[in-house]
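Residue numbers (the working numbering): 449 to 754.
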């Protein structure tokens with residue numbers, strides 16, 4: 449059941465027993481939940497014409513512990529409907545400028561803690577097994593999720609031969625890159641609010657071709673899970689100017705480490721080969737902090753002095 453229906457059902461089930469003030473609140477929230485999400489209990493009461501205590505009692509009447517718990521339910525209702533301006537309004541309404549650093553870092557830490565407490569360990573292990581058995585691994589992430597997809601692809605490329613990071617300039621381009629996907633392959637889709645329709649379409653296409661589908665998203669109610677047999681849930685912050693994707697990145701880190709542990713010999717061999725390549729072609733030459741002895745460069749040609 450979606451969070452929208454859940455809250456509406458709670459209101460409908462208790463509406464007949466509500467007081468006059470509570471019914472006024474129920475009517476306002478049903479028609480204006482996208483506005484109510486920004487309001488404090490006092491401000492909501494002022495707009496509707498009831499006391500702050502009536503607002504708190506209304507939240508508890510619906511089965512929530514208090515107004516903050518009720519407001520979280522409202523956030524769930526609008527998490528995929530908020531535009532950038534509205535998200536900025538929520539952020540500025542909750543964070544004092546002098547406490548930005550501490551507030552944001554603490555919020556990110558809390559998201560990781562919530563992810564640890566709620567992530568499905570069986571789903572995580574299933575994702576690892578599925579990736580290990582796949583012929584080809586497709587990865588898709590769009591907009592703010594693109595760096596997560598790129599990060600995952602970078603490390604999987606050091607462990608597997610066929611890793612395809614999908615380029616996502618258009619939906620048609622996505623399908624062209626996935627034209628040969630089938631039941632032997634897996635696609636990993638990464639999407640957080642506001643959810644990407646192109647990512648969803650890519651997962652739908654893969655599912656129709658009988659490929660395995662793994663999602664990394666924020667909720668069991670995410671539309672990304674429609675075509676997925678393996679859902680990895682990581683908490684993100686919907687009420688922010690910048691998407692908080694620290695917890696999803698941690699889940700990706702755990703996925704990479706787990707795959708490395710299952711493929712230790714192959715990974716060690718690949719890294720040893722890469723070290724030789726990096727050394728042979730001086731990949732990290734210009735990135736070294738310490739100066740390099742010119743004698744090392746002699747085998748690539750004598751250094752000319754101006």
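Built from N, CA and C at the ideal position, the CB exists for glycine as well.
Bear in mind the structure is a predicted one, so any value in this text is a computation, not a measurement.
Just verifying my parser: in three-state terms, what is the DSSP assignment at residue i?
i, result
"residue 692", "strand"
"residue 586", "strand"
"residue 483", "helix"
"residue 658", "coil"
"residue 663", "strand"
"residue 477", "helix"
"residue 680", "strand"
"residue 711", "coil"
"residue 463", "helix"
"residue 568", "coil"
"residue 647", "helix"
"residue 471", "helix"
Assign residue i to buried or exposed, taking buried as 16 or more other Cβ atoms, counted over all protein chains shown, within 10 Å of its Cβ.
i, result
"residue 595", "exposed"
"residue 633", "buried"
"residue 407", "The structure shown does not extend to residue 407, since the chain is modelled only from 449 through 754, so no value can be given for it."
"residue 687", "Model confidence at residue 687 stands at a pLDDT of 47, short of 50, so the residue's coordinates are unreliable; what they give is reported in the following sentence. Label assigned to residue 687: buried."
"residue 468", "exposed"
"residue 587", "buried"
"residue 454", "exposed"
Please return the same chain residues whose Cβ sits closer than 7 Å to the Cβ of residue i, not counting the five positions on each side in sequence.
i, result
"residue 677", "660 and 661"
"residue 490", "500"
"residue 561", "none"
"residue 671", "643 and 648"
"residue 437", "As shown, the chain starts at 449 and ends at 754. That puts residue 437 outside it, with no answer to give."
With residue i and residue j assumed to form a contact (beta carbons below 8 Å), what rounded beta-carbon distance in angstroms separates them?
i, j, result
"residue 522", "residue 485", "4 Å"
"residue 680", "residue 697", "Incorrect: roughly 12 Å between the Cβ atoms, too far for contact."
"residue 498", "residue 466", "Not really, about 11 Å apart at Cβ, beyond 8 Å."
By Cβ distance below 6 Å, which residues in the same chain neighbour residue i in space, the five residues on each side in sequence not counted?
i, result
"residue 625", "614"
Return the chain-ordered list of same chain residues with a C-beta closer than 8 Å to the C-beta of residue i, the five sequence neighbours on each side being excluded.
i, result
"residue 487", "495"
"residue 580", "707, 710 and 711"
* May I have a chain-ordered list of the alpha helix (DSSP H) segments no shorter than 4 residues that lie completely inside the segment 595 to 641? => 619 to 625
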